[in-house]
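> Here it is, the structure in full.
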Ligand code: SAM
Ligand code: SF4
Ligand code: SF4
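Residue numbers (my numbering): 24 to 356.
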């Protein structure tokens, strides 16, 4: 049975495979909060690959067509290619992964051979100093670029590149990033900085609105709008007027798209969230480990999805910023 609420079908599933990451991006896992004594999930709390695959099959039977593996940093989960090899045979599923790219050069071929279709790589600047200021670790941009090229060369293409734009940190990197990836076939996507979780100290003033990002780009590299590929596509698409490729902008703050949101999220310990800004997930791991049948799990997912009324981005205000919310590193964006 396919699930539909308020005309929002369940189509996408994001699966977080770990809440750990070796980066400490200021907008996601600030070091002050995710420091040495932070309690990450214990290994036995994580869903096993077998449990993830079983749940993925249940979701696909409910209408999911796209699965994105994420985290934390998914490539720090050992043998991730084994999970990819278990998910990739599920019929009719577009299987992708989001990564910070630091381990991608090493892993790209194994991931492709396991059946991964494409990757999205996060990169906020080409300038090592700006990159370091944003992710708070000493890691060279060149290694991420190497990962992007390795992915493209094994056929995990087109590679999408996510750049979170934060006022005062990296808006000067917008045009250099566009120039770097223009004409390569990779698709650069600018993301408005969001108030996910409650640890990143988000302020509306830190958001560089999509309209400003596009105006900055258009002045340097003329653009024209493109139609969406499908209903519910989160990025607004633009193409270079000289025909050398496209870019996207994800305007989750200034142009909320909740009415088209078709996405569920499964956290690393098996909780189901129907919104990026959820407070508490529904515990599917308890059902899996308690002996529930696939039909019972499907019914539970259906109950959660049908009563879903999420529209956080449409009602965001200074007052909602302080509400308790799940962390991005927990459910993976
Ligand atoms: N570690 C992987 C990575 O960085 O690509 C996957 C997980 S990360 C949580 C998924 C995506 O969320 C990344 O592209 C990241 O840039 C984005 N992200 C994290 N915090 C964000 C925030 N506060 N606002 C907007 N995007 C954010
Ligand atoms: Fe790690 Fe990705 Fe979060 Fe950065 S955005 S801290 S790379 S999980
Ligand atoms: Fe979907 Fe929630 Fe984001 Fe709205 S705020 S688009 S409902 S995840």
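Built from N, CA and C at the ideal position, the CB exists for glycine as well.
Throw me the rounded Cβ distance for the residue 307 and residue 320 pair, which I believe falls under 8 Å.
7 Å
> Is there at least one non-hydrogen atom of ligand 3 closer than 8 Å to the beta-carbon of residue 279?
yes
> Flag this pair as yes or no: are the beta carbons of residue 134 and residue 179 separated by less than 9 Å?
yes
> Strictly by DSSP, which residues pair up with residue 126?
None; residue 126 has no bridge partner.
> Could you check how far apart the C-beta atoms of residue 37 and residue 355 are, in whole angstroms? I think they sit under 8 Å.
5 Å
> Is residue 198 near residue 249, with beta carbons less than 9 Å apart?
no
> Using only alpha-carbon positions, find the residue among 246, 44, 353 and 326 that is nearest to residue 269.
246
> Within the continuous alpha helix (DSSP H) that includes residue 176, where are the two ends?
164-177
> What residue range does the beta strand (DSSP E) around residue 361 cover?
With the chain running from 24 to 356 in the structure shown, residue 361 is simply not present.
> For the beta strand (DSSP E) holding residue 186, just list the boundary residues, first then last.
Counting along the chain, the beta strand (DSSP E) containing residue 186 begins and ends at 183-188.
> On the three-state DSSP scale, how would you describe residue 269?
strand
> Identify which residue in 58, 219 and 188 has its Cα closest to the Cα of residue 159.
Checked all of 58, 219 and 188; the closest Cα to residue 159 is 58.
> Could you check whether the Cβ of residue 47 sits closer than 8 Å to any heavy atom belonging to ligand 2?
yes
> Three Cβ pairs or more, each shorter than 8 Å: is that satisfied between the region 286-299 and the region 331-344?
By the Cβ criterion, the region 286-299 is in contact with the region 331-344, since at least three pairs of Cβ atoms, one from each stretch, lie closer than 8 Å.
> Compare the Cα-Cα distances from residue 108 to each of 139, 251, 67 and 193 and report the closest residue.
139
> For residue 118, which residues does DSSP report across the bridge?
90
> Between residue 299 and ligand 3, is the CB less than 8 Å from at least one heavy atom?
With a cutoff of 8 Å, residue 299 counts as near ligand 3, since its C-beta is closer than that to a heavy atom of the ligand.
> In terms of residue numbering, what span does the alpha helix (DSSP H) encompassing residue 274 cover?
Per DSSP, residue 274 belongs to no alpha helix (DSSP H) and is neither H nor E.
> Report, in whole angstroms, the separation of the C-beta atoms of residue 185 and residue 212, which I expect to be a contact under 8 Å.
About 5 Å separates the two Cβ atoms, so the contact holds.
> If you compare alpha carbons, which of 214, 128, 100 and 32 is closest to residue 273?
214
> Consider the C-beta atom of residue 115 and the heavy atoms of ligand 2; say whether any pair is separated by less than 8 Å.
In this structure, ligand 2 has no non-hydrogen atom nearer than 8 Å to the beta-carbon of residue 115.
> With which residues is residue 259 paired in a DSSP beta bridge?
272
> Using the Cα positions of residue 88 and residue 257, report the straight-line distance between them to the nearest angstrom.
15 Å
> With C-beta atoms as the reference, is residue 353 less than 9 Å away from residue 42?
yes
> What is the DSSP secondary structure of residue 230, counted as helix, strand or coil?
strand
> Specify the secondary structure class of residue 306 as computed by DSSP and reduced to three states.
strand
> Check whether the Cβ of residue 292 sits closer than 8 Å to any heavy atom of ligand 2, and report yes or no.
no
> Does residue 368 come out as helix, strand or coil in the three-state DSSP assignment?
Because the chain in this structure spans residues 24 to 356, residue 368 falls outside the shown range and cannot be described.
> Looking at residue 218: is its Cβ nearer than 9 Å to the Cβ of residue 276?
yes
> Shortest alpha-carbon distance to residue 323 belongs to which of 335, 50 and 310?
310
> Sorry if obvious, but does the Cβ on residue 263 come closer than 8 Å to a heavy atom of ligand 3?
It does not: the Cβ of residue 263 is nowhere closer than 8 Å to a heavy atom of ligand 3.
> How long is the line joining the alpha carbons of residue 347 and residue 301, rounded to whole angstroms?
8 Å
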